[in-house]
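The block underneath contains the structure these notes are about, expressed in structure tokens.
Numbering (the numbering used here), first residue to last: 52 to 620.
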């Protein structure tokens, strides 16, 4: 969790020296580079976070492992052609999921950073919104959708220039990465209509009516016209919605946009009407998300523009004055009598005739968004909390837990989580290969193996036997051979005596055992067999096998021994 709070601290802490005090284009670029550089590192080095992480990882390795030609790979891909092309580039660059993560992180974050640095009226606030309104969190989970959103964000230049054809072409290009980008086109065209209270009233009433009967409408449409999608009717995607709490932010921003538009924003910015409409339609979509949560991904292409619209609104509010001469375009006029406009007199007194209105609005935005961000963290939005990295894929466990809760902590962990847990404790780890260890250890696994003390490249064993014993991040014993390896060793400060055996594909017998008093403490299955011992308590901590001939790293546990005392006191 600390890495997220450090990011928040950087956004706020660097805002004054780089964005507020004597602002300049150069300082804005430096500020945005620091913030998004930090996000980039977080994104690239993440591991196992995001509800879709392992799905994308599995699809990528399946894509890379096929013997088909380029055309067949594209035709058989489950994804849009743009994302498939990125997978192909990552395959050509080594085929490691880390490479794909690096490419996607760069493509998602760079456009957002560029647009904020070049066009935002308040860059630090745009960065704050990008984080606290969960766009960054989305990018760690909805990777394809987030890339499509970043491509759409690049259309801002053409939106300002009213080159509608170019905006539509960019949206079509974005759909090459995720089809949800297409929803931007009709909403963009609708948003070109001049806003009015009457229009919002009519559309809002119609939307509420559809919302009330949405389940019935879906059943009719999918049942009669889209029968191939009818099976979704009984799934959580359409039957379950998100908490109404998620409506708060869209509602606040929509109200601010309408207030700004009606008080003169429309006279200062030619894009104000379009942005105001987008925030209104965004609110309506979020209303439906509270009933059908699958729609969340369809709001991102329009929701992202709050990183530009909110700063513009606040700049507008800086010029609003109550009870005195209003700035050009502002609609608050001095009241003719002392009693005919009590509201104006109240705000005139409370906000110094509007001088501090923008400050109040900014404070409101900050308070609401940080509260919303805290709510999202507690809810575990998108599965990105707590943050875990390729350097430590098991951040949630303490050293005390590692001494007592063996059965709770170690079983059914991914290989990277398992290695991270081992690296945290005062353990001795024995690794012995049974049969084929394969060549599928990826960047994160190799990194954690190196941290454990492994010096041998296990991807290059080519079927050989391998035996390694590690403690304190160092190798006590490490050997490879084409023959069977069998060694008698003393571990845990010479207080536990083991016989470790490894037989690879080239050996006469395929086996991977760690034997104490004629009892084998490994599952003895194909792949990397682990036996982990607590140096302080002389207990068996964990006993697992990971089949590293596939990128799934299938795990086999032998939990019967976990916590067993090896030395009688």
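The beta carbon of each residue, even a glycine, is placed where N, CA and C say it ideally should be.
Closest residue to residue i among the options (Cα-Cα distance)
{"i": "residue 256", "options": "191, 331, 286 and 238", "result": "331"}
{"i": "residue 603", "options": "466, 134 and 419", "result": "466"}
{"i": "residue 545", "options": "468, 584, 562 and 556", "result": "584"}
{"i": "residue 241", "options": "532, 333, 340 and 106", "result": "333"}
{"i": "residue 483", "options": "513, 204, 350 and 582", "result": "582"}
{"i": "residue 468", "options": "489, 97 and 87", "result": "97"}
{"i": "residue 570", "options": "478, 489, 559 and 550", "result": "550"}
{"i": "residue 249", "options": "162, 328, 263 and 287", "result": "328"}
{"i": "residue 79", "options": "181, 605, 272 and 164", "result": "164"}
{"i": "residue 302", "options": "420, 599, 463 and 287", "result": "420"}
{"i": "residue 316", "options": "294, 307, 306 and 367", "result": "367"}
{"i": "residue 600", "options": "470, 304 and 486", "result": "486"}
{"i": "residue 300", "options": "194, 426 and 372", "result": "426"}
{"i": "residue 552", "options": "516, 526 and 586", "result": "516"}
{"i": "residue 365", "options": "577, 171, 561 and 166", "result": "171"}
{"i": "residue 201", "options": "167, 211, 212 and 173", "result": "167"}
{"i": "residue 212", "options": "251, 322 and 477", "result": "322"}
{"i": "residue 133", "options": "123, 199 and 110", "result": "199"}
{"i": "residue 65", "options": "76, 81, 54 and 53", "result": "81"}
{"i": "residue 270", "options": "281, 319, 578 and 226", "result": "281"}
{"i": "residue 194", "options": "312, 119, 440 and 154", "result": "154"}
{"i": "residue 235", "options": "253, 354, 542 and 259", "result": "354"}
Alpha-carbon spacing of residue i relative to residue j, whole angstroms
{"i": "residue 45", "j": "residue 325", "result": "With the chain running from 52 to 620 in the structure shown, residue 45 is simply not present."}
{"i": "residue 108", "j": "residue 187", "result": "20 Å"}
{"i": "residue 339", "j": "residue 356", "result": "20 Å"}
{"i": "residue 638", "j": "residue 447", "result": "Absent from the model: residue 638. The displayed extent of the chain is 52 to 620, so no value can be given."}
{"i": "residue 246", "j": "residue 342", "result": "27 Å"}
{"i": "residue 231", "j": "residue 237", "result": "12 Å"}
{"i": "residue 115", "j": "residue 408", "result": "56 Å"}
{"i": "residue 220", "j": "residue 524", "result": "54 Å"}
{"i": "residue 706", "j": "residue 91", "result": "The requested residue 706 is not part of the displayed model; the chain covers only 52 to 620."}
{"i": "residue 93", "j": "residue 567", "result": "43 Å"}
{"i": "residue 597", "j": "residue 529", "result": "19 Å"}
{"i": "residue 360", "j": "residue 184", "result": "14 Å"}
{"i": "residue 284", "j": "residue 290", "result": "7 Å"}
{"i": "residue 209", "j": "residue 522", "result": "59 Å"}
{"i": "residue 593", "j": "residue 461", "result": "6 Å"}
{"i": "residue 40", "j": "residue 297", "result": "Summary: the structure shown does not reach residue 40, with the chain confined to residues 52 through 620, and so no result is reported for it."}
{"i": "residue 575", "j": "residue 561", "result": "9 Å"}
{"i": "residue 306", "j": "residue 506", "result": "60 Å"}
{"i": "residue 608", "j": "residue 117", "result": "29 Å"}
{"i": "residue 595", "j": "residue 572", "result": "9 Å"}
{"i": "residue 69", "j": "residue 59", "result": "15 Å"}
{"i": "residue 502", "j": "residue 111", "result": "26 Å"}
{"i": "residue 56", "j": "residue 418", "result": "15 Å"}
{"i": "residue 369", "j": "residue 413", "result": "10 Å"}
{"i": "residue 288", "j": "residue 75", "result": "46 Å"}
{"i": "residue 578", "j": "residue 191", "result": "31 Å"}
{"i": "residue 540", "j": "residue 478", "result": "15 Å"}
{"i": "residue 286", "j": "residue 292", "result": "11 Å"}
{"i": "residue 262", "j": "residue 498", "result": "50 Å"}
{"i": "residue 387", "j": "residue 372", "result": "A caution first: residue 387 carries a pLDDT of 45, below 50, which makes its placement in the model too unreliable to give a value."}
{"i": "residue 605", "j": "residue 463", "result": "9 Å"}
According to DSSP, residues forming a beta bridge with residue i
{"i": "residue 443", "result": "440"}
{"i": "residue 510", "result": "In DSSP, residue 510 forms no bridge with anything."}
{"i": "residue 593", "result": "583"}
{"i": "residue 516", "result": "532"}
{"i": "residue 370", "result": "Answer by DSSP bridge pairing: none, since residue 370 is not bridged."}
{"i": "residue 571", "result": "566"}
{"i": "residue 318", "result": "Residue 318 pairs with nothing; no bridge assigned."}
{"i": "residue 607", "result": "596"}
{"i": "residue 412", "result": "Partner(s): none; residue 412 has no beta bridge."}
{"i": "residue 539", "result": "550"}
{"i": "residue 522", "result": "479 and 525"}
{"i": "residue 97", "result": "440"}
{"i": "residue 504", "result": "Per DSSP, none; premise fails for residue 504."}
Short CB-CB distance (under 8 Å) between residue i and chain C
{"i": "residue 447", "result": "Absent from the structure is chain C; it holds one protein chain and no more."}
Is the stretch 177-187 in contact with the stretch 202-219, if contact means three or more CB pairs nearer than 8 Å? Flag = no, the stretch 177-187 and the stretch 202-219 do not touch.
Segments assigned alpha helix (DSSP H), at least 4 residues, entirely inside the stretch 452-497: Fully enclosed alpha helix (DSSP H) runs of 4 or longer: 452-455, 457-460 and 466-475.
Quick one: any contact between the stretch 425-436 and the stretch 94-109, if contact means 3 or more CB pairs under 8 Å? Taking a cut-off of 8 Å on C-beta distances, the stretch 425-436 touches the stretch 94-109, as three or more cross pairs fall below it.
Any contact between the stretch 195-205 and the stretch 84-91? By contact I mean 3 or more CB pairs, one from each, below 8 Å. No, the stretch 195-205 is not in contact with the stretch 84-91.
Taking three-plus beta-carbon pairs below 8 Å as touching, is the stretch 552-562 in contact with the stretch 506-522? In short, these stretches touch, since the Cβ pair count reaches three.
Entirely enclosed alpha helix (DSSP H) segments - the stretch 138-193, minimum 4 residues: Contiguous alpha helix (DSSP H) elements confined to the stretch 138-193 occur at 148-170, 174-183 and 186-190, taking only those with 4 or more residues.
Within the chosen definition, does the stretch 266-273 reach the stretch 345-355 through at least 3 CB pairs nearer than 8 Å? They do not touch, by the three-pair rule.
Kindly confirm or deny that the stretch 490-508 and the stretch 139-155 touch, where touching means at least three C-beta pairs closer than 8 Å. With contact defined as three or more Cβ pairs closer than 8 Å, the stretch 490-508 and the stretch 139-155 are in contact.
List, from N- to C-terminal side, the alpha helix (DSSP H) runs of 4 residues or more that fit wholly inside the stretch 261-332. As far as the stretch 261-332 is concerned, its whole alpha helix (DSSP H) runs of at least 4 residues are 265-275, 287-290 and 299-311.
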